[in-house]
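Contents: one structure, followed by commentary.
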Amino acid sequence: MSGSSHTHVTAPHGGNPVLRAIGWLSHLSGIIAALLILASVGITCQMIFIRFILNGSTIWQTEGVTYMMIAATMLGLPYVQYLRGHVNVDLLPLMLPVGARKLLAFLVLLLTIAVAGGMLWHGYHFWYEAWDWGETSNTPWNPKLWVPYLALPLGFGLYALQLAADFVAMMLRIEEPFGLGAEATLTDIAERAD
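Okay, here's the thing in structure tokens:
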């Protein structure tokens, strides 16, 4: 995988203040996602304590943890992209000449932005309907669903923004396609592995 020799690879900004700000937003999103996971673990422990130690009933914990984990997943998308942590198989890019590698990288980014944009669009409508109609979960806790649904457009919006920043960074030659230098070839990688 590209970047596997580096311990902490992040999206380069090359001093560009807009790319730096987008990277900061992605980083903040990752911190919020981590805090949501931490809170979910704490709430799960509290639920176990109430149910099995105090022999009491719980109302909101399971549903709350589910919403928090979904939000952590959505808000984690831009952070993982910022860290270059999404699964990347670079066999094909290593086999291609530099020009074709660059074209493939632009195509992959454009397609990914299109998918994230589609998810943003549908997530926004999903959230807006819940907000507009005052939709609730119809459970004993019965929270307003627009609150957890907000994670969909927010997460995919920040993800699309980070992808767009990566596209611009590649256009400005701040970042190499797939994080591979022009000298990287399949033969070079195989020789380094020996």
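In the working numbering, the protein residues as written are 41 to 234.
Just so it is clear, CB atoms sit at the ideal spot from N, CA and C, and this is done for glycine as well.
The DSSP assignment places no complete run of the beta strand (DSSP E) inside the segment 171 to 216 (cut-off: 3 residues). With contacts defined as CB atoms closer than 7 Å, P118 and L198 qualify as a contacting pair.
Between G163 and L201, the CB-CB gap reaches or exceeds 7 Å. Restricted to the segment 51 to 96, the alpha helix (DSSP H) segments that are unbroken, complete and at least 4 residues in length are 57 to 88, listed in chain order. Under the 8 Å Cβ criterion, the segment 205 to 214 counts as touching the segment 55 to 71, having at least three qualifying pairs.
Counting along the chain, I110 sits inside the alpha helix (DSSP H) bounded by residues Q101 to Y122.
In the structure shown, H126 falls within a coil segment according to DSSP collapsed to helix, strand and coil.
In the DSSP assignment, P133 falls within the alpha helix (DSSP H) that extends over L131 to M135. Separation of the CB atoms of T84 and R91 is rounded to 11 Å, and the pair is thereby denied contact status at 8 Å.
Looking from the CA of L149, the closest CA among R60, S80, G104 and M210 belongs to M210. Taking C-beta separations shorter than 7 Å and ignoring five residues to either side along the sequence, the partners of A73 in its chain run A112, L115, G116 and Y119, following chain order. With respect to K142, P52 sits apart: the two C-beta atoms are not nearer than 7 Å. Of the residues assessed, M135 falls on the exposed side of the cut-off, its CB having fewer than 16 other CB atoms within 10 angstroms. Here the C-alpha atom of D130 lies approximately 39 Å from the C-alpha atom of G82. When rounded, the separation of the alpha-carbon atoms in G70 and L190 is 16 Å.
The DSSP-derived three-state label of T98 is coil. Around the beta carbon of V105, 16 or more other beta carbons sit within 10 angstroms, so the residue counts as buried. When DSSP states are grouped into helix, strand and coil, V138 belongs to the helix group.
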